[in-house]
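The structure under discussion appears below in the form of structure tokens.
Numbering (the numbering used here), first residue to last: 512 to 826.
What follows is the structure in structure tokens.
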């Protein structure tokens with residue numbers, strides 16, 4: 512092992528900043544957004560109950576502006592519901608179950624692909640689920656009679672997309688590897704699908720088709736991704752552009768040559784004598800570290816180690 516390798520062993524790792532570019536934050540962002548929507552609506556619902564308003568009034572005056580309407584004439588005047596519905600949960604058990612499954616599959620997805628695929632898959636799943644839901648309400652005669660009353664809320668279709676996308680990418684991904692060489696991902700997906708469809712067994716076909724639409728979106732996304740086609744890149748570009756609007760790059764200050772040479776001398780680094788980097792000197796510093804720890808060496812000695820790691824040969 513060379514001296515540079517020995518020095519690198521004593522380098523202090525830099526702490527990562529919590530930004531949207533860090534792994535895991537897309538998942539945290541989705542989770543947080545769902546919880547914020549739920550808590551906001553729950554608070555409003557409590558206020559309604561406090562004033563003895565019934566649930567129907569709460570749904571009519573509040574929920575309908577977040578839920579996806581099956582009727583196209585309503586969707587035209589509330590187009591934002593194509594997005595808001597997939598973050599809207601009313602029942603406590605609905606959001607708990609959806610968030611648990613989202614966290615499980617989303618964590619694995621980010622482990623496989625990084626954090627730039629999760630949100631596009633979630634949104635694609637929600638959108639295609641919405642298309643299937645609306646189409647079913649118009650295509651099935653028994654549902655068309657009540658199309659003006661039908662609406663969809665919840666992130667189930669979007670979560671289904673994440674589950675299917677993750678499984679399509681790596682069906683044999685294993686977790687709990689200490690249990691009989693691990694549990695394959697596809698078995699968890701089967702359990703999730705069975706539980707999901709059992710919850711809506713008595714619901715209309717429109718809700719079932721919304722789940723299927725979400726799963727299909729996840730499958731298509733991963734299928735394209737395996738062919739090196741990233742269907743979510745445009746979403747990430749829009750996000751980056753939007754963030755840049757609020758955090759533009761600072762323009763460099765133009766400084767004249769005269770000012771730089773004659774009036775800015777105070778910023779110049781004064782002459783500083785540097786010690787020669789020799790093999791003996793490096794060994795002495797490393798011995799000192801072994802005896803007293805890295806914090807025991809001076810700034811000059813740290814600089815010598817740094818220079819030594821950058822040179823191929825010592826003088």
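We put the CB at the ideal spot given by N, CA and C, even for glycine.
Kindly identify the DSSP beta-bridge partner or partners of residue i.
{"i": "residue 686", "result": "694"}
{"i": "residue 663", "result": "579"}
Applying the 10 Å Cβ sphere with the 16-neighbour rule, what's the burial state of residue i?
{"i": "residue 809", "result": "exposed"}
{"i": "residue 558", "result": "exposed"}
{"i": "residue 571", "result": "exposed"}
{"i": "residue 709", "result": "exposed"}
{"i": "residue 682", "result": "exposed"}
{"i": "residue 648", "result": "buried"}
{"i": "residue 718", "result": "buried"}
{"i": "residue 604", "result": "exposed"}
{"i": "residue 590", "result": "exposed"}
{"i": "residue 645", "result": "buried"}
{"i": "residue 529", "result": "Annotation note: pLDDT 37 at residue 529 (below 50); position unreliable, coordinate value reported separately. Exposed, by the Cβ-count rule."}
{"i": "residue 816", "result": "buried"}
{"i": "residue 545", "result": "buried"}
{"i": "residue 612", "result": "buried"}
{"i": "residue 609", "result": "buried"}
{"i": "residue 679", "result": "buried"}
{"i": "residue 562", "result": "exposed"}
{"i": "residue 606", "result": "buried"}
{"i": "residue 793", "result": "buried"}
{"i": "residue 753", "result": "exposed"}
{"i": "residue 726", "result": "buried"}
{"i": "residue 728", "result": "buried"}
{"i": "residue 567", "result": "exposed"}
{"i": "residue 700", "result": "buried"}
{"i": "residue 696", "result": "buried"}
{"i": "residue 637", "result": "buried"}
{"i": "residue 705", "result": "exposed"}
{"i": "residue 736", "result": "buried"}
{"i": "residue 656", "result": "exposed"}
{"i": "residue 720", "result": "buried"}
Given residue i, which residues of its chain have a CB within under 8 Å of its CB, disregarding the five upstream and five downstream residues?
{"i": "residue 722", "result": "640, 667, 668, 671, 707, 708 and 711"}
{"i": "residue 714", "result": "none"}
{"i": "residue 716", "result": "647, 651 and 654"}
{"i": "residue 541", "result": "613, 617, 629, 630 and 633"}
{"i": "residue 685", "result": "692, 693, 694, 695 and 696"}
{"i": "residue 586", "result": "579, 580, 592, 593 and 645"}
Within its chain, find whatever has a CB closer than 7 Å to the CB of residue i; leave out the 5 residues flanking it on each side and keep chain order.
{"i": "residue 687", "result": "693 and 694"}
{"i": "residue 642", "result": "724"}
{"i": "residue 703", "result": "612 and 674"}
{"i": "residue 796", "result": "808, 812, 815 and 816"}
{"i": "residue 750", "result": "none"}
{"i": "residue 538", "result": "614, 617, 618, 621 and 629"}
With a CB to CB cut of under 6 Å and the five nearest residues on each side skipped, what residues in its chain are close to residue i?
{"i": "residue 581", "result": "645, 648, 658 and 661"}
{"i": "residue 677", "result": "616, 619 and 620"}
{"i": "residue 600", "result": "549, 606 and 665"}
{"i": "residue 556", "result": "569"}
{"i": "residue 746", "result": "631"}
**Request:** Answer yes if the stretch 726 to 733 comes into contact with the stretch 627 to 642, meaning at least three C-beta pairs across the two stretches below 8 Å, and no otherwise.
**Result:** Using a Cβ-Cβ distance cut-off of 8 Å, the stretch 627 to 642 and the stretch 726 to 733 are in contact, since at least three pairs of beta carbons, one from each stretch, lie closer than that value.
Practice item. Please determine if the stretch 740 to 751 and the stretch 652 to 662 are in contact, where contact requires at least 3 C-beta pairs separated by less than 8 Å. Key: Judged by Cβ distances under 8 Å, the stretch 740 to 751 makes no contact with the stretch 652 to 662, as fewer than three pairs qualify.
Residue ranges of each alpha helix (DSSP H) run of no fewer than 4 residues wholly in the stretch 562 to 613, ordered along the chain? Fully enclosed alpha helix (DSSP H) runs of 4 or longer: 566 to 572, 583 to 588 and 592 to 595.
- Message: Three or more C-beta pairs under 8 Å: does that hold for the stretch 590 to 603 against the stretch 663 to 679?
- Response: By the Cβ criterion, the stretch 590 to 603 is in contact with the stretch 663 to 679, since at least three pairs of Cβ atoms, one from each stretch, lie closer than 8 Å.
The stretch 605 to 618 touching the stretch 670 to 682, judged by at least three CB pairs closer than 8 Å: With the cut-off at 8 Å, the stretch 605 to 618 and the stretch 670 to 682 touch.
**OP:** Kindly confirm or deny that the stretch 563 to 579 and the stretch 620 to 627 touch, where touching means at least three C-beta pairs closer than 8 Å.
**Re:** Contact fails between the stretch 563 to 579 and the stretch 620 to 627, because fewer than three Cβ pairs, one in each stretch, are under 8 Å apart.
Practice prompt. Just list the beta strand (DSSP E) runs in the stretch 706 to 767, keeping only unbroken ones of 3 residues or longer that don't cross its boundaries, in chain order.
Written response: Considered as a whole, the stretch 706 to 767 harbours no complete run of any beta strand (DSSP E) with no fewer than 3 residues.
Secondary structure, alpha helix (DSSP H): runs of 4+ residues fully inside the stretch 625 to 672: If we require 4 residues or more, the alpha helix (DSSP H) runs fully inside the stretch 625 to 672 come out as 629 to 650 and 652 to 655.
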